[in-house]
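Take any residue in the sequence shown, note its place counting from 1, add 1180, and you have its number in my numbering. In this text, a Cβ means the ideal position worked out from N, Cα and C, and glycines have one as well. Beneath this line is the structure, given in structure tokens, with notes to follow.
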Amino acid sequence: MVSAQVHGDFLPDNYISVLQQLKRNASRTPTSLALVSLEIDDSITWKELLDWCSLISQFLQELEIKANDKILVLGENSIENLILYYGIQAYGATYCTINTDINKNHIIEMIDRIEPELIFFEQSLETLPIEEIKNTRKFSFGDRKSCTDLFAKLSCFDHNTFYYLKNNQTDNCVLCFTSGTSAQPKAVIHSFCNYQAIAQHQLERWSLKRKDRILEFRSMSWASAHMISLNPTLLAGATLLLGKKFSRSHLVSWIEKYKPSIIVSVPTVVNMLLERPIENGKKTFESVRFISCSTAPLMADAHRRFEKTYDVELVQLYGMSEGGIIAANTPGEREIGSVGTAGKYQDISIRDSNRKLLGTSEIGEIETLSAQHAKAYLYADGNVELLRGKPLKTGDLGYIDGKGFLRITGRAKDVVIRGGVNISPLEIDSLISQLPGVMQVVTFGVPDPVYGEELVSWVVSAPGHRLTIQDLKSFCAEKLPEQKRPKYIQLVQNIPKNKRGKIDREKAKLDWQTSQKKGNA
């Protein structure tokens, strides 16, 4: 077990409310930039952000919004959306969000589940079925400078007045949805205290300062962006550089113009930048302290090649919507192939299938107990499952090495059992990716009448390389014991991914089985 200090009441040390953080930043550095919208070169200072939050507080007070009342905000990555994100929480209500791209087929069900008191929706989201939502007050919003709709109403209030609810830190601050592949994604309810615990972790692990400029292009509708970027930026009084989405063509100009000190990234972006390296890449990243990488596994070979190509440190971390930042590497002390050491307030343990505690370097399911844990799940049937104060099973497999670093070996549900031997597909992916010329790989299990399951590996060649099936089979024969060698290896053009860019093993498996049926027809 790897432990960080976890209090019996599971509350963070030195709690400071969202409103207090805003006031502190506006007092210390009123003219410093809080938020920058990269595509349109728009920005807002900490003093301006506090002023807008004060107007939101008066509007919500006039509408008699109470603690734990849910306010749904449907919007893109924009300064206006983030004004609402900070303003609703500073007042003391609950900010709710849905990713409208990925969940457009579930939006009505999700809204019914949330039961919001208010809905704020961005005018640019024209295809949303807002008219189908009855008995809920709705307000559209657009560019705050045009003073139309919601922001026109806000401008009528007094900048010098701030209403706020006398919250308990265990009250609800955010409701968001997981990015799972289930037909009905889980809603996760966060409390002010668990979001504060996560922000404290980020502040300490990354040594964040007011001078830091954090570049974030992932959707603000995911908890990951709140945990890694939005809340730590507020706590540190730093600057958030906000892109609507990742743009390879814009990345260089963003870096050159805005000089980020930290870039928040994902493995898909790392692989894209390796597939077609940026010209003069090492010079491009000179201003960057480090690049973070999370949300999906990153192969060790890709990690090494990226650092060699761009001469900038890549720092992995590991978290969950409901679990917070479970483990993270420290910049300057990162271990390639590891997601780092236990996060602040995190107690991590490795358990076997009977929940027996395992020792150093023994592989089992990762469990965690933490003040970072979310408050509850809200299911589609309306049932609420409380999460805090008890172990959270992550569904991931891994081990803790002799230096206390957590290493993930795969998902429990992805394990392939071949002739009674448990095999992690991620282990096979990691090994095959070490062969020069391999850009991407996915391994999965398929039914076999003799062994129960057999292994299939799909491989995408890097541009300019001419891999053969025999190259891959010979490499596997050299590096893997016989029982772990894929029986079937195929070279493919693309590997299936979900809408968040994560490799979709289940879709790959279904596609393979479909192709086999057609071949036998």
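Start-to-end residues for the alpha helix (DSSP H) that takes in residue i
i       : result
Met1290 : Ile1287 to Ile1294
Leu1262 : Ile1259 to Tyr1271
Ser1654 : Ile1649 to Lys1659
Asp1628 : That residue, Asp1628, is in no alpha helix (DSSP H); its beta strand (DSSP E) goes Val1618 to Asp1628.
Ser1320 : Run containing Ser1320: none in the alpha helix (DSSP H); it sits in the beta strand (DSSP E), Arg1317 to Phe1321.
Gly1461 : Gly1461 to Thr1464
Span of the beta strand (DSSP E), counted from its first residue to its last, around residue i
i       : result
Trp1770 : Residue 1770 is absent from the structure shown; the chain starts at 1181 and stops at 1701.
Asn1352 : Asn1352 to Phe1357
Thr1589 : Leu1586 to Arg1591
Val1670 : A quick correction: the sequence has Gln, not Val, at residue 1670. From DSSP, the beta strand (DSSP E) with Gln1670 extends over Tyr1668 to Leu1671.
Asp1392 : It is not in any beta strand (DSSP E) - Asp1392 carries neither H nor E in the DSSP assignment.
Leu1298 : Leu1298 to Glu1302
Helix, strand or coil at residue i [DSSP, three-state]
i       : result
Pro1124 : Since the first residue shown for the chain is 1181 and the last is 1701, residue 1124 is missing from the structure and cannot be characterised.
Ala1367 : strand
Ile1408 : helix
Glu1174 : Given a span of 1181 to 1701 for the chain in the structure shown, any question on residue 1174 remains unanswerable.
Arg1568 : coil
Arg1535 : coil
Ala1377 : helix
Phe1426 : coil
Thr1361 : Any reading at Thr1361 is ruled out, since the residue's pLDDT is 45, under 50, leaving its predicted position unreliable.
Tyr1557 : strand
Val1596 : strand
Leu1421 : strand
Ser1197 : coil
Leu1191 : coil
Lys1437 : helix
Asp1338 : coil
Ile1516 : coil
Leu1615 : coil
Lys1662 : Checking the sequence shown, residue 1662 turns out to be Glu, not Lys. Glu1662: helix per DSSP, three-state reduction.
Residue from the options whose Cα sits closest to the Cα of residue i
i       : options                               : result
Phe1470 : Glu1487, Leu1454, Ile1458 and Phe1190 : Glu1487
Lys1593 : Ala1551, Asp1576 and Arg1587          : Asp1576
Tyr1271 : Lys1653, Glu1242, Asp1691 and Leu1566 : Glu1242
Thr1448 : Tyr1579, Arg1680 and Leu1615          : Arg1680
Ile1516 : Gln1650, Asp1581 and Lys1463          : Asp1581
Arg1416 : Pro1192, Gln1614, Asp1249 and Arg1390 : According to the sequence shown, residue 1416 is Ala rather than Arg. The residue with the shortest Cα to Cα distance from Ala1416 is Arg1390.
Lys1333 : His1406, Leu1235, Pro1666 and Thr1274 : Leu1235
His1645 : Leu1671, Leu1453, Glu1289 and Trp1434 : Leu1671
Ala1247 : Phe1372, Ile1291, Ile1259 and Val1450 : Phe1372
Gly1523 : Ile1268, Lys1463, Ala1508 and Asp1651 : Ala1508
Tyr1438 : Ile1394, Leu1410, Val1450 and Gly1625 : Ile1394
Glu1634 : Arg1568, Asn1194, Thr1574 and Ile1603 : Ile1603
Asp1351 : Thr1521, Ser1197 and Leu1572          : Ser1197
Ile1705 : Leu1252, Leu1330, Glu1306 and Asn1285 : Because the chain spans 1181 through 1701 in this model, residue 1705 falls outside it and cannot be assessed.
Asp1532 : Ile1546, Val1519, Thr1521 and Gly1520 : Ile1546
Ile1435 : Gln1380, Val1216 and Glu1607          : Val1216
His1381 : Gly1504, Gly1569, Thr1209 and Thr1548 : Gly1504
Val1639 : Ile1649, Leu1422 and Val1519          : Ile1649
Under 8 Å between C-beta atoms of residue i and residue j
i       : j       : result
Asn1315 : Met1400 : no
Val1468 : Pro1511 : no
Ile1543 : Gly1578 : yes
Ser1474 : Leu1497 : yes
Val1368 : Tyr1557 : yes
Gln1526 : Ile1378 : no
Leu1647 : Ser1654 : no
Cys1233 : Gly1255 : no
His1370 : Lys1555 : yes
Leu1230 : Leu1191 : no
Arg1685 : Val1622 : yes
Val1495 : Leu1478 : no
Ala1482 : Lys1682 : no
Thr1396 : Leu1421 : Correcting the residue identity first, residue 1396 is Glu in this sequence and not Thr. In this structure, Leu1421 lies closer than 8 Å to Glu1396 by Cβ.
Ser1695 : Thr1419 : no
Leu1308 : Phe1321 : no
Bridge-paired residues (DSSP) for residue i
i       : result
Gly1544 : Gly1578
Ile1530 : Ile1546
Lys1677 : Ile1683
Ala1508 : Leu1497 and Thr1521
Lys1250 : Thr1274
Phe1486 : Answer by DSSP bridge pairing: none, since Phe1486 is not bridged.
Thr1225 : Leu1213
Ser1472 : Val1444 and Val1495
Glu1573 : Inspection of the sequence shows that residue 1573 is occupied by Lys rather than by Glu. DSSP lists Glu1547 as partners of Lys1573.
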